[in-house]
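K.L.:
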């Protein structure tokens, strides 16, 4: 079925039909080593004809080939193709680049692993995060005019500066916070590990302002309390609702989790490794953390393949 799609959709009439020897040698190697049908060889040849034509048009030789140039070719070549077809063609280019590096030593680095596409998510939408100007709008819209506002102010700081889930914010106790050390111990995370994290100065001040000026007097040790008797812990839904209302007031469509995603994105941009971010976010699987890497393909390559491009 896929062979038929490839044969029907491949654009090649305007490209030259003859290829230099290196391409035919690869196709011969590919056919013999993988035992692939002729139809797939023919489709691969069509993609390589397009690739060769592009390199020639831009005066690019294999010895100086860079991943950015491969990206530029794919962007031009993929213009009207469906995602499934793009994946097939990307695999063909990846195989050729692997051959050039491992079998022939013609290109200077193995570019094959870096030929990646935008990740396809099982969920409807990938993680969303706030841009710097949106973060500024959000914090500028906050006020401290009432005890409820002061509590919400602390919630927003915990979500944005520490990447905590709403349920984690709702479970923080006074015993988890060290004001002198500027640390917070987050317990019972999804990865079943507790972790002590540094708390930014502004967040410590936001928590302290709530404890001193807004928190009801109560024997309950949970940090964030309801404002009506009995003064017991707030629920995760309260955290979600108050942060959402703050974002709506600032003209930002989103949820509390957008602040968590923004925290992860900020860590990536400052050079923190994906494995460190996994621990800081409390993920039980590295795949959950890698969801944040789709935002910037160059960043994804640097983190996953330890490449400086």
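Residue numbers (the numbering used here): 1 to 309.
Ideal Cβ positions, reconstructed from N, Cα and C, are used throughout, including at glycine.
(1) Return the CA-CA distance between residue 260 and residue 160, expressed in angstroms with no decimal places.
(2) Relative to the alpha-carbon of residue 183, which residue among 75, 148, 201 and 84 has its alpha-carbon at the smallest distance?
(3) DSSP beta-bridge partners for residue 178?
(4) For a test of the three-state rule: what should DSSP assign to residue 164, helix, strand or coil?
(5) Taking the alpha carbon of residue 176 as the reference point, which residue from 279, 224, 135 and 133 has its own alpha carbon closest?
(6) Grab the span of the alpha helix (DSSP H) containing residue 262 for me, first residue to last.
(7) Whose C-beta lies closer than 6 Å to the C-beta of residue 69 among residues of the same chain, with five residues either side of it excluded?
(8) Using only the alpha-carbon positions, how far apart do residue 124 and residue 51 sit?
(9) Leaving out five residues before and five after residue 168 in sequence, what residues of the same chain have Cβ atoms less than 6 Å from its Cβ?
(10) When we look at the beta-carbon of residue 87 and count the other beta-carbons within 10 Å, is it buried (16 or more) or exposed?
(11) Which residue marks the beginning of the beta strand (DSSP E) containing residue 273, and which one marks its end?
(12) Since residue 203 and residue 142 are thought to touch, with beta carbons under 8 Å apart, how far apart are those beta carbons, to the nearest angstrom?
(13) Taking the straight line between their C-alpha atoms, what separation do you get for residue 247 and residue 258?
(14) Rounded to a whole number of angstroms, what is the C-alpha to C-alpha distance between residue 113 and residue 92?
(15) For residue 77, is the classification buried or exposed, using 16 other Cβ atoms within 10 angstroms of its Cβ as the cut-off for buried?
(16) Taking just the CA atoms, how far does residue 63 sit from residue 32?
(17) Going by C-alpha distance, which of 282, 205 and 221 is nearest residue 179?
(18) Apart from the five residues on each side of it in sequence, which residues of its chain come closer than 7 Å, Cβ to Cβ, to residue 218?
(19) Do residue 109 and residue 101 have their C-beta atoms within less than 8 Å of each other?
(20) Near residue 154, what residues of its chain come up, given a Cβ to Cβ distance below 6 Å and the 5 sequence neighbours on each side ignored?
(21) Residue 134 to residue 151, Cα distance in whole Å?
P.N.:
So, from the listed chains and residues:
(1) Translated into positions along the chain shown, residue 260 becomes position 260. Translated into positions along the chain shown, residue 160 becomes position 160. Straight-line Cα distance between these residues: approximately 6 Å.
(2) Taking the first residue of the chain shown as position 1, residue 183 is located at position 183. Ranking 75, 148, 201 and 84 by Cα distance to residue 183 puts 201 first.
(3) If you number the chain shown from 1, residue 178 lands on position 178. Beta-bridge pairing links residue 178 to 183.
(4) Looking up residue 164 in the chain shown gives position 164. Correct three-state label for residue 164: coil.
(5) Start at 1 with the first residue of the chain shown, and residue 176 comes out as number 176. Nearest option by C-alpha distance: 224.
(6) Numbered from its first residue, the chain shown carries residue 262 at position 262. 256 to 269 is the span of the alpha helix (DSSP H), which, as asked, contains residue 262.
(7) For the purposes of this step, residue 69 is identified with residue 69 of the chain shown, where counting begins at 1. The residues 60, in chain order, have a CB closer than 6 Å to that of residue 69 in the same chain once the five nearest residues on each side in sequence are set aside.
(8) Here residue 124 is taken as the residue at index 124 of the chain shown, counted from 1. Here residue 51 is taken as the residue at index 51 of the chain shown, counted from 1. Note that residue 124 scores a pLDDT of 40, beneath 50, so its modelled location is shaky; the value from the coordinates is reported in the next line. Pairing residue 124 with residue 51, the inter-Cα distance amounts to about 33 Å.
(9) By 1-based counting over the chain shown, the position of residue 168 is 168. Hits under 6 Å: 186.
(10) The residue given as residue 87 occupies position 87 in the chain shown. With fewer than 16 other Cβ atoms within 10 Å, it is exposed.
(11) As a first step, residue 273 is located in the chain shown; it is residue number 273 there, counting from the start. Premise fails: residue 273 is in no beta strand (DSSP E) and is neither H nor E.
(12) Walking along the chain shown from the start, residue 203 turns up at place 203. Walking along the chain shown from the start, residue 142 turns up at place 142. Contact doesn't hold; Cβ gap of about 13 Å is too wide.
(13) Counting from 1 along the chain shown, the entry for residue 247 is found at position 247. Counting from 1 along the chain shown, the entry for residue 258 is found at position 258. Taking the straight line from one Cα to the other gives about 10 Å.
(14) For the purposes of this step, residue 113 is identified with residue 113 of the chain shown, where counting begins at 1. For the purposes of this step, residue 92 is identified with residue 92 of the chain shown, where counting begins at 1. So the alpha carbons of these two residues sit roughly 12 Å apart.
(15) Translated into the one-based positions of the chain shown, residue 77 becomes position 77. By the 10 Å Cβ count, residue 77 comes out buried.
(16) Taking the first residue of the chain shown as position 1, residue 32 is located at position 32. Taking the first residue of the chain shown as position 1, residue 63 is located at position 63. One C-alpha to the other measures close to 26 Å.
(17) Position 179 of the chain shown, counted from the start, is the residue given in the question as residue 179. Cα-wise, what sits closest to residue 179 is 205.
(18) By one-based count along the chain shown, residue 218 stands at place 218. So the qualifying residues of the chain are 225 and 231.
(19) Position 109 of the chain shown, counted from the first residue, corresponds to residue 109. Position 101 of the chain shown, counted from the first residue, corresponds to residue 101. A contact, by the Cβ cut-off of 8 Å.
(20) Reading the chain shown from its first residue, position 154 is the one you call residue 154. Result list for residue 154: 206, 207 and 210, in chain order.
(21) Here residue 134 is taken as the residue at index 134 of the chain shown, counted from 1. Here residue 151 is taken as the residue at index 151 of the chain shown, counted from 1. The alpha-carbon atoms of residue 134 and residue 151 are separated by roughly 21 Å.
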